[in-house]
Amino acid sequence: MSLRRTGPALASIALLAGGVLSGCSSDDEPGKADSSASAIPSDFISDSASPNGEDGLPADFPREAVPLLDGNLGSVVHKTAPKEPDWTVLITVNATPAAALDDAIKKLKAEGWVAKTTVDSAGEAPQLLRNGKGVIVLKATQQSDQAGVVYSIDHVK
1 MSLRRTGPAL ASIALLAGGV LSGCSSDDEP GKADSSASAI PSDFISDSAS
51 PNGEDGLPAD FPREAVPLLD GNLGSVVHKT APKEPDWTVL ITVNATPAAA
101 LDDAIKKLKA EGWVAKTTVD SAGEAPQLLR NGKGVIVLKA TQQSDQAGVV
151 YSIDHVK
């Protein structure tokens, strides 16, 4: 993977983490309804995006290739633009960001993923792992009293 591919992956993590931490709100008047808003269409969620099983992940998520932390599934985003990662997943766990990141890396290494970066002592820097074809960038953040781990997953089938 070249640095040109790493840049968009890291940018995606930064955008997702920023949105999670900021609450994605820009309301000038909290609680006031937006009169220009429209209803969500009934076909907004397609059959291919529906969850498969108790884990809440879409049917085509690469579960066997990408073992996620055992925790709460915060969000799952499938690729929406050509230069975005295939999947972006947020898992929250009862741990510090450094401990959560370490656990996520251990689970991935057990499935053959190789860490291409070194974890700093605070666990704050994004971490890059590869398995020959695919790439995962991990980023851990503090989420109130929990840690949130964002997985940006690309080229994993």
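Just so we're aligned, residue 1 is where the sequence shown starts under the UniProt record's numbering, counting upward by one. Glycine included, C-beta positions come from ideal geometry on N, C-alpha and C.
| request: Give me whichever residues DSSP pairs with Gly148 in a beta bridge. | output: What you label residue 148 is simply residue 148 of the sequence shown in a count that begins at 1. BP columns for Gly148 point to Thr92 and Thr141.
| Ile153 and Val93 closer than 8 Å at C-beta | By one-based count along the sequence shown, residue 153 stands at place 153. By one-based count along the sequence shown, residue 93 stands at place 93. Going by C-beta atoms, Ile153 is not nearer than 8 Å to Val93.
| task | Identify the continuous alpha helix (DSSP H) that holds Leu68 and give its terminal residues. | result | One-based indexing of the sequence shown puts residue 68 at position 68. First-last for Leu68: undefined, no H or E at that position.
| task | Go to Leu57, then tell me how far its alpha helix (DSSP H) extends in each direction, as first and last residue. | result | The residue labelled residue 57 in the question sits at position 57 within the sequence shown. First-last for Leu57: undefined, no H or E at that position.
| request: Compare the beta carbon distance of Leu138 and Leu101 with 8 Å and say whether it is the shorter of the two. | output: Reading the sequence shown from its first residue, position 138 is the one you call residue 138. Reading the sequence shown from its first residue, position 101 is the one you call residue 101. Yes, the Cβ-Cβ distance between Leu138 and Leu101 is below 8 Å.
| How would you call Gly148, buried or exposed, if buried means at least 16 neighbouring beta carbons within 10 angstroms? | Residue numbering aside, residue 148 sits at position 148 when the sequence shown is read from its first letter. Answer is buried; the Cβ neighbour count reaches 16.
| query | What's the gap between the Cα of Ser103 and the Cα of Ala125? | reply | By 1-based counting over the sequence shown, the position of residue 103 is 103. By 1-based counting over the sequence shown, the position of residue 125 is 125. Sequence check: residue 103 is Asp here, not Ser. If I take the Cα positions, the gap works out to 15 Å.
| task | With a cut-off of 8 Å on the beta carbons, I'd call His78 and Pro62 a contact; round off their distance for me. | result | As a first step, residue 78 is located in the sequence shown; it is residue number 78 there, counting from the start. As a first step, residue 62 is located in the sequence shown; it is residue number 62 there, counting from the start. The Cβ separation is near 12 Å, so there is no contact.
| field | Given Val76 as reference, the closest of His155, Val150 and Val156 once Cα atoms are compared | value | The residue you call residue 76 lines up with position 76 of the sequence shown. Taking only the C-alpha atoms, the option nearest Val76 is Val150.
| field | First and last residue of the uninterrupted alpha helix (DSSP H) at Ala81 | value | For the purposes of this step, residue 81 is taken as residue 81 along the sequence shown, with counting starting at 1. Taken as a continuous stretch (DSSP letters only), Ala81 belongs to no alpha helix (DSSP H), as it is neither H nor E.
| Secondary structure of Ala100, DSSP reduced to three states | What you label residue 100 is simply residue 100 of the sequence shown in a count that begins at 1. Looking at Ala100 - three-state DSSP - the assignment turns out to be helix.
| message | Going by beta-carbon coordinates alone, are Asn131 and Val119 separated by less than 8 Å? | response | Position 131 of the sequence shown, counting from 1, holds the residue named residue 131. Position 119 of the sequence shown, counting from 1, holds the residue named residue 119. Result no, Cβ atoms of Asn131 and Val119 do not sit closer than 8 Å.
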